[in-house]
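**Q** Right, I'll just put the structure down here and ask away after.
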């Protein structure tokens, strides 16, 4: 297909010349004599590049440049004008032009410039498409669960995501606070910026200050180079401060200052460095109570907890444990090269009845371990840890097979049915785009195709 | 003649036709500028007439060189500059005369040059 180039210039004498030179490169030239006409054309045409004059009747080329950049960012613009002022060149490049040619121009130079611009436009489109592809599976879709408790948390986080508001994620250990923080970042306006996570409780006391704020060369023994900290690295994006309740009190003061002033000072440095960072913090402690009795700075607590969201423990998430189990079996059987696509009834009952004190992380570990141990095609009770089976036996009155199920879990759906539902739902949500469905589920495409065949799934668009 | 040579000749002839069309348009533009200057009655054209005068000079400056007539671009650039520096009607008239001569010379050169042979 011939690529089109839109020439926006009110001088008809230029059209033939541009057509002549671009035809050699295989381009078809379409013409707009004004900015208004160009906008009309762009409403229904998508040229590979735009050649823009600055001196136009009506909307000037200077006014058009930012508009093109915001409405048609994938179309590169080459400015072609008789105005040779250097400041104008700089201003055009800053407004998104990819090249600038002076009139009168050399035809070969014009053709090369337009070819480079279209190549650049194609690269930009490719990068954007790959970035979008990578970002799939980073948002709230990654949080598996249909229970009312988890859906309520997702609804709250979705509301918070769009703004720059500070979010404090609460919940027991293993409830997925980092996954939630990543989802908030991925669905926020900062998604193209960095996401930097730091566990305030896991970094040795002597290093945490430097990790957070960076340091200048020579500021302490071993500081042989200057280094940026997490706040600087997260500039333009989101910083996730996990286990914020474990932060030393002197660092709580420094953190409060960062949140108030939006600037940091490196360890051993004197310069104030401006940072534009959204803060998502998390804790598994009762931070509000600790703040009330002075064990955590109250002013910092209220800065961090502008929008508190509680992530529910797995035991309060109805049948989510089974949905998660199905997803983990798919993920880990593929990772470990096993063909496991089922759950023996005893194992299923044990997983359902266990209270999961370590929450989703514990379930994930249990399933991965079981997949590694399992020789058959479904996970048997023998592959589960003893404490899970013991608990099930206790709850079930000593006999796992005859245990009475809790009222809320009376409706038992087979594992295969659940797996089938998960895959079908992913395919329907992605309009049967197998690549996208496999990305979102964290599985390979081959696995999805195998499951489609196994369950006889049919396209339902 | 081989294909490449034939194609080049065809392309040259095509460009020559474009040059002729350009010169035709340039002659017309110069006439319009002369009319605007005459209508201004001894002063530089102002208002819409002035904007049009400047625009015609500006466009010839921008396109002349592209059609391989650098003198047209240069003389048109001088005329535009004279207009922008608020030169007298007489100075504009002299500048326009130089542009007119450049266009006329270009037309004569074009007419006297042999056309490319296209098989």
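Protein chains in written order, with this note's numbering: chain X, 1 to 461; chain E, 462 to 580. Ideal Cβ positions, reconstructed from N, Cα and C, are used throughout, including at glycine.
Kindly indicate if chain E contains any beta-carbon less than 8 Å away from that of residue 195 of chain X.
**A** Chain E contact via Cβ: absent.
**Q** Straight-line CA distance for residue 406 of chain X to residue 321 of chain X?
**A** Residue confidence for residue 406 of chain X is low, a pLDDT of 35 falling below 50, so the modelled location carries little weight and cannot support an answer.
**Q** Hey, residue 169 of chain X and residue 350 of chain X are a contact pair by Cβ (cut 8 Å); roughly how many whole angstroms apart?
**A** That belief does not hold up - the Cβ atoms of residue 169 of chain X and residue 350 of chain X are roughly 30 Å apart, past 8 Å.
**Q** Within 10 Å of its beta-carbon, does residue 313 of chain X have 16 or more other beta-carbons around it, so buried, or fewer, so exposed?
**A** Buried, because 16 or more other Cβ atoms sit within 10 Å of the Cβ of residue 313 of chain X.
**Q** List, in order along the chain, the chain E residues whose C-beta lies closer than 8 Å to that of residue 11 of chain X?
**A** What residue 11 of chain X touches in chain E: 520, 523 and 524.
**Q** Which residues in the same chain as residue 65 of chain X place their Cβ atom closer than 8 Å to its Cβ, once the five residues preceding and following it in sequence are excluded?
**A** Counting only Cβ-Cβ distances below 8 Å, and skipping sequence neighbours, we find 52, 77, 79, 92, 95, 96 and 97.
**Q** Once DSSP output is grouped into helix, strand and coil, what is the label at residue 308 of chain X?
**A** If DSSP states are grouped into helix, strand and coil, residue 308 of chain X belongs with the strands.
**Q** Can you name the start and end residues of the alpha helix (DSSP H) that residue 533 of chain E belongs to?
**A** Run containing residue 533 of chain E: 531-545, per the alpha helix (DSSP H) assignment.
**Q** Please report whether the beta-carbon of residue 56 of chain X lies at a distance below 8 Å from any beta-carbon of chain E.
**A** For residue 56 of chain X, the answer is no, since every Cβ of chain E falls outside 8 Å of its Cβ.
**Q** In chain order, which continuous runs of the beta strand (DSSP E) of length 3 or greater are located wholly inside the region 212-255 of chain X?
**A** Runs found: 238-242.
**Q** So the candidates are X:58, X:55, X:71 and X:22; which of them puts its Cα closest to the Cα of residue 46 of chain X?
**A** Minimum Cα distance to residue 46 of chain X is reached at X:71.
**Q** Which of the three DSSP states is assigned to residue 116 of chain X in this structure?
**A** Here residue 116 of chain X sits in helix by DSSP.
**Q** Step through the CB atoms of chain X and report whether any lies within less than 8 Å of the CB of residue 494 of chain E.
**A** Answer no: the Cβ-Cβ gap between residue 494 of chain E and chain X never drops below 8 Å.
**Q** Under 6 Å Cβ to Cβ from residue 399 of chain X, same chain only, skipping five residues before and after it: list those, please.
**A** Residue confidence for residue 399 of chain X is low, a pLDDT of 45 falling below 50, so the modelled location carries little weight and cannot support an answer.
**Q** Could you tell me which of E:508, E:509, E:491 and E:504 sits nearest to residue 518 of chain E, measuring between CA atoms?
**A** Nearest of E:508, E:509, E:491 and E:504 to residue 518 of chain E, Cα basis: E:491.
**Q** Mind listing the chain X neighbours of residue 514 of chain E? Cutoff is C-beta to C-beta under 9 Å, in chain order.
**A** By Cβ distance, chain X contributes nothing, its closest Cβ being about 14 Å from residue 514 of chain E, past 9 Å.
**Q** Using a threshold of 8 Å, state whether the C-beta atoms of residue 49 of chain X and residue 5 of chain X are closer than that.
**A** Yes. Within cutoff.
**Q** With three or more beta-carbon pairs closer than 8 Å as the criterion, would you say the region 235-243 of chain X touches the region 199-207 of chain X?
**A** These segments touch.
**Q** Throw me the rounded Cβ distance for the residue 336 of chain X and residue 371 of chain X pair, which I believe falls under 8 Å.
**A** About 5 Å; that satisfies the 8 Å criterion.
**Q** Whose Cβ in chain X lies nearer than 8 Å to the Cβ of residue 486 of chain E?
**A** In chain order: 12 and 13.
**Q** Show which residues of chain E have a CB atom less than 8 Å away from the CB atom of residue 107 of chain X.
**A** Near residue 107 of chain X (Cβ distances below 8 Å), the residues of chain E are 527.
**Q** Can you tell me where the alpha helix (DSSP H) holding residue 522 of chain E begins and where it ends?
**A** Per DSSP, residue 522 of chain E belongs to the alpha helix (DSSP H) from 508-525.
**Q** By how many angstroms is the C-alpha of residue 246 of chain X removed from the C-alpha of residue 151 of chain X?
**A** Going by the C-alpha atoms only, they are around 29 Å apart.
**Q** Could you have a look at residue 471 of chain X and say whether DSSP puts it in helix, strand or coil?
**A** For chain X, the structure presents residues 1 to 461; residue 471 of chain X sits outside this window and is missing.
**Q** Return the residue from the list X:68, X:54 and X:69 that minimises the CA-CA distance to residue 83 of chain X.
**A** Residue 83 of chain X has its Cα closest to that of X:54, out of X:68, X:54 and X:69.
**Q** On a CA-only basis, which of X:433, X:441 and X:434 is nearest residue 419 of chain X? Give me that one, please.
**A** If we check each option's Cα against that of residue 419 of chain X, X:441 comes out closest.
**Q** Short of 8 Å Cβ to Cβ, which residues in the region 20-47 of chain X face chain E?
**A** Flagged, chain order: 20 and 24.
**Q** Ignore the nearest five residues each way along the sequence and tell me which others in residue 563 of chain E's own chain have a CB closer than 6 Å to its CB.
**A** These residues qualify, in order along the chain: 532, 533 and 536.
**Q** Quick one: give me the first and last residue of the beta strand (DSSP E) that residue 50 of chain X is part of.
**A** Counting along the chain, the beta strand (DSSP E) containing residue 50 of chain X begins and ends at 49-52.
**Q** Which residue from X:67, X:29 and X:154 puts its Cα closest to that of residue 175 of chain X?
**A** Of the candidates X:67, X:29 and X:154, the one whose C-alpha sits nearest the C-alpha of residue 175 of chain X is X:154.
**Q** At a CB-CB cut-off below 7 Å, which residues of chain E make contact with residue 16 of chain X?
**A** Ordered by position in chain E, the residues that pass the 7 Å Cβ test against residue 16 of chain X are 479 and 482.
**Q** Evaluate the contact criterion for the region 221-237 of chain X versus the region 263-276 of chain X: three or more CB pairs, one atom per stretch, below 8 Å.
**A** The region 221-237 of chain X, when compared against the region 263-276 of chain X, does touch it at the 8 Å Cβ threshold.
**Q** Which same chain residues, not among the five before or five after residue 58 of chain X, have their C-beta less than 8 Å away from its C-beta?
**A** 34, 35 and 36, listed in sequence order.
**Q** Looking at the secondary structure, which residues open and close the beta strand (DSSP E) in which residue 29 of chain X lies?
**A** Segment 27-32, the beta strand (DSSP E) holding residue 29 of chain X.
**Q** Thinking C-beta only, is residue 328 of chain X closer than 8 Å to residue 363 of chain X?
**A** Contact: yes.
**Q** In chain E, which residues lie less than 9 Å from residue 66 of chain X when you measure between Cβ atoms?
**A** Going along chain E, no residue has its Cβ under 9 Å from residue 66 of chain X, so there is no contact; the nearest lies around 23 Å.
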